[in-house]
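Participant: So the protein lines, in turn, are chains A and S. Sequential numbering from 31 applies to the first sequence in the numbering used here. Sequential numbering from 22 applies to the second sequence in the numbering used here.
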Amino acid sequence: MKLLTLANRYYFSTLLLVFIASGMASFFILKSIINREFNRKLFAEKEQLIDELATYDDLKGFYFLNIGDRLQIQEVPENPQIVTNLRDTVMYDTYEKTTLPFRKLSFAEQIKGKYYVITITKSLLPNQELIKGVSEILLMLILFLAISLVLINRYVINRLWWPFYKILVQLKQFNIKKPEPIQPLQTVIDEFRLLKSVLDTMVDKSIRDYRNLKEYTENTSHEIQTPLAIIKNKSESLLQETLTESQLHEVGKIYEAAGRLSRLKEGLSTLSKIDNNQFLDAEPIDIQTAIENKLCHFEELVSLKNIQVTTDFYSRPLIILNNDLAFILINNLVNNAIKHNVQGGRIHIVLKEDELCMENTGLPPAMPIEQLFDRFRSSGDHPDSSGLGLSLIKRIADFYQMRIRYDYVEGQHRVILNF
Amino acid sequence: MNLLLIEDEKELALTMAKYLGEEGFRCEWADHLMLAQEKVWMNVYDCVIVDITLPDGNGLEVIDRLKKMKSNSGIIIVSAKNALDDRIRGLEIGADDYLTKPFDLSELNARIKAVIRRRNFDAQNEVVFHEIRINPYAHTVAVNDMAVTLTKKEFDLLLYFVSNPNRVITKSSIATHLWGEDMYLADSFDFIYSHLKNLRKKLQDKGCGDYIETVYGIGYKFSKH
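1) Going along the segment 253 to 278 of chain A in order, which residues come within less than 7 Å of chain S, judged by CB to CB distance?
2) Less than 9 Å between the C-beta atoms of Ile321 (chain A) and Ile360 (chain A), yes or no?
3) Give me, in chain order, the residues of the same chain whose beta-carbon lies closer than 8 Å to that of Leu243 (chain A); leave out the 5 immediate sequence neighbours on both sides.
4) Tell me which residues share the same chain as Asp342 (chain A) and place their Cβ nearer than 8 Å to its Cβ, disregarding the 5 neighbours each side in the sequence.
5) Taking 8 Å as the cut-off, does the CB of Glu75 (chain A) come closer than this to any heavy atom belonging to the ligand ATP?
6) With C-beta atoms as the reference, is Ile150 (chain A) less than 9 Å away from Ile64 (chain A)?
7) Could you please give the first and the last residue of the uninterrupted beta strand (DSSP E) stretch that includes Ser136 (chain A)?
8) When you compare the CB of His327 (chain A) with every CB in chain S, is at least one pair closer than 9 Å?
9) Which residues of chain A have a Cβ atom closer than 8 Å to the Cβ of Lys174 (chain S), listed in chain order?
10) How many angstroms separate the CA atom of Asp414 (chain A) from the CA atom of Ile212 (chain A)?
11) I want to verify the contact list: residues of chain A whose CB lies under 7 Å from the CB of Ile239 (chain S), in sequence order.
12) Consider the Cβ of Ala427 (chain A): report whether some Cβ of chain S lies at a distance smaller than 9 Å.
13) So, helix, strand or coil for Lys382 (chain A), using DSSP?
14) Measure the alpha-carbon distance for Arg108 (chain S) versus Ile114 (chain S) and round it to whole angstroms.
15) When the Cα of Tyr146 (chain A) is compared with those of A:Asp123, A:Ile103, A:Glu389, A:Phe57, which residue comes out closest?
16) Measuring CB to CB, does Lys227 (chain S) end up less than 9 Å from Asn165 (chain S)?
17) What does Ser292 (chain A) reach in chain S if we use C-beta pairs closer than 7 Å?
18) Say whether chain A places a C-beta atom closer than 9 Å to the C-beta of Lys222 (chain S).
19) Counting contacts by CB-CB distance shorter than 9 Å, is Ser244 (chain S) in contact with chain A?
20) For a cutoff of 9 Å on Cβ pairs, would you count His198 (chain S) as touching chain A?
21) Do the segment 210 to 225 of chain S and the segment 187 to 197 of chain S meet, that is, are 3 or more Cβ pairs less than 8 Å apart?
22) Of all the CB atoms in chain S, is at least one closer than 9 Å to the CB of Leu351 (chain A)?
23) Determine, using beta carbons only, whether Tyr40 (chain S) comes closer than 9 Å to chain A.
24) With a cut-off of 8 Å, do at least 3 Cβ pairs link the segment 24 to 44 of chain S to the segment 430 to 437 of chain A?
25) From the DSSP output, read off the bridge partner residues of Phe243 (chain S).
26) Less than 9 Å between the C-beta atoms of Gln352 (chain A) and Asp384 (chain A), yes or no?
27) Step through the CB atoms of chain S and report whether any lies within less than 9 Å of the CB of Ala288 (chain A).
28) Can you look up Ile260 (chain A) in the DSSP assignment and give me helix, strand or coil?
29) Which residues in the same chain as Gln338 (chain A) place their Cβ atom closer than 6 Å to its Cβ, once the five residues preceding and following it in sequence are excluded?
30) Counting only the same chain and skipping the five closest in sequence on each side, list residues whose C-beta sits under 8 Å from that of Leu201 (chain A).
31) Can you list, in chain order, the residues of its chain with a C-beta nearer than 7 Å to that of Ala163 (chain S)? Leave out the 5 residues immediately preceding and following it.
32) May I have the straight-line CA-CA distance separating His412 (chain A) from Leu215 (chain A), to the nearest angstrom?
33) Hey, Ile204 (chain A) and Ile349 (chain A) are a contact pair by Cβ (cut 8 Å); roughly how many whole angstroms apart?
34) Taking the CB atoms as reference points, tell me whether Asp443 (chain A) and Gly392 (chain A) lie closer together than 9 Å.
35) Tell me the rounded alpha-carbon separation between Thr124 (chain A) and Leu168 (chain A).
36) Quick check: the segment 71 to 90 of chain S against the segment 56 to 63 of chain S, are at least 3 beta-carbon pairs closer than 8 Å?
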């Protein structure tokens, strides 16, 4: 969920509660004020009426009174004993032709020795209209406030949080292989300054660690070569001496082991070079020619195993690859197809515009398919292979965002590479 | 034939010098750049073997000096770095060949001989081993003056053997020589065997002696017993 959405959510839920409470409160307060005023007016009119009845003899003769909406004055012979009372009622209005709410003030009064029962009736309609109007204004105000709050909120978040978003974008684009320092931030907000400085430290550290590791790997692989060369050459030199057969064998084993170690090191340093992005130069590689060259190179081995090679070149794709990596890729693919083949087996190569498919006969893989692309997974029957072949293929494919799949169906190994 | 080994690792240099000395080369050794520069300035070598990473500088500087002096020495770079860039750069500034550590002594020996042959180019220049005469340029082989037809790999194999006579040559060194460093298949050993069988038969057909001796489990030896 976005920060803005969440903030809005919190604001609105709070706002809603506050609005409901304050809306209701103001409605009732307003209503009671208006009611009180209304009643006061009614009683004031009562006083006025009594006063006028006392002053003028023939009240009905003038009728200039502006008392109530309806006035009922009834003369009664004796004291009716009515307590002044106030009632709300609904009456039929002949003009509006509908029933309307009214308030009725009834009282009895003795004026100039006569008894009267007087009822002043006043329409409640204007009051209700007023309450309605005020409520509407209030509602509009709330709405207006809500809208401005959304706008302010958005503005504030964009405005306040932009350093955060700026850092976020840079972190997203950060690549340890091509590190760029996080750009300076012009902000007065302490939290973001702190965030920036913490991130700077972290980024610096990871860049430094990465560089150290890279140098370490490179140096190690470089430094290993010399002692390896000494072991290899010394043992080779020893082979030339007159030795007993068993001594010769022992020396031969040392020599072989040195060779294996050297190949392993070579594979590992290629892997780390791929990881370190050290194969940047790329050029269009003609995959078909590369495959044909490789097959030609291994021709004798293919014929030694009596392997039948068939190719279907439907297209002639030119793929942008690093020369070394393309060599390793094709070399290892063809190499594997020969190495893990059986006597009198088959290799079938299909090349399309965006796909290379290599099928070869062979024994079932000695390990689960998912582990096949891991480092140091080599099948037991080839102790001389370093187990890095498929891992290298996978890494190169990943490096160029190619998709690689492997399956084994009915005695056929199949590697499919999508460019 | 004079060789200069520029190599800072003493043990490596000694082993190389021993092997090459037995091949009839007179080896001198320089373990740092200054000494190497001095030596190439003072003496004439048929071939200079240069390690690129030296304690006091880059071995490529020696190649520069040799080129400025218009030296006729053959130059072979030996480097622990197997990087295409280094290889291309080395060959561009005038090296004849490039070998990656660790290498086989038999391979180094064969390369040195090939470089020297090329330097003293003479189409008549032949490599002779008893009744076998190899012309490395015309790619022809004659036994007792009778031409023998060999495939390219058989020819390379024979030349490799003749370049390292009386030496135990390991199977992996042969495989690397024939198929390159990136090639490593257990199967290739079987192939070497079948190749050797063909080669031996072709040579013997012309009355050649059987010089290929099997060193069981290790490799082969080309010698007149």
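Don't be surprised by glycine CBs; every beta carbon is placed ideally from N, CA and C.
Facilitator: In short:
1) Residues passing the 7 Å Cβ filter: Gln255, Thr256, Leu258, Ala259, Ile260, Lys262, Asn263, Lys264, Glu266, Ser267, Leu269, Gln270, Leu278.
2) yes
3) No residues qualify anywhere along the chain.
4) For Asp342 (chain A), where only same-chain residues beyond five positions count, the Cβ hits under 8 Å are His378, Ile379, Val380, Leu381.
5) You won't find the ligand ATP in this model; it holds no ligand whatsoever.
6) no
7) 128 to 141
8) His327 (chain A) counts as touching chain S.
9) Glu330
10) Only weak support exists for where Asp414 (chain A) lies, its pLDDT of 49 falling under 50; the value from the coordinates is given anyway. Taking the straight line from one Cα to the other gives about 47 Å.
11) Leu269, Leu278, Gly282
12) no
13) It is a strand residue.
14) 10 Å
15) Looking at the Cα atoms, A:Ile103 is the closest of the given residues.
16) Yes.
17) Pro123
18) no
19) no
20) At a cut-off of 9 Å, the C-beta of His198 (chain S) has no neighbouring C-beta in chain A.
21) Contact holds: three or more Cβ-Cβ distances are below 8 Å.
22) Under the Cβ distance rule, Leu351 (chain A) does not count among the residues neighbouring chain S, no pair being separated by less than 9 Å.
23) yes
24) no
25) S:Ile233
26) In the sequence as displayed, the identity of residue 352 (chain A) is Asn instead of Gln. Contact: no.
27) yes
28) Looking at Ile260 (chain A) - three-state DSSP - the assignment turns out to be helix.
29) Arg376
30) Ile212, Leu229, listed in sequence order.
31) Arg154, Val169
32) For His412 (chain A), the pLDDT reaches just 48, beneath the cut-off of 50, and the residue's location in the model is therefore unreliable, although a value from the coordinates is still provided. Cα to Cα, the separation comes out at about 58 Å.
33) For the record, residue 204 (chain A) in the displayed sequence is Phe; it is not Ile. Contact doesn't hold; Cβ gap of about 29 Å is too wide.
34) It should be pointed out that residue 443 (chain A) corresponds to His in this sequence rather than to Asp. Yes, the Cβ-Cβ distance between His443 (chain A) and Gly392 (chain A) is below 9 Å.
35) Cα to Cα, Thr124 (chain A) sits roughly 34 Å from Leu168 (chain A).
36) Contact annotation: the segment 56 to 63 of chain S touches the segment 71 to 90 of chain S, with at least three C-beta pairs closer than 8 Å.
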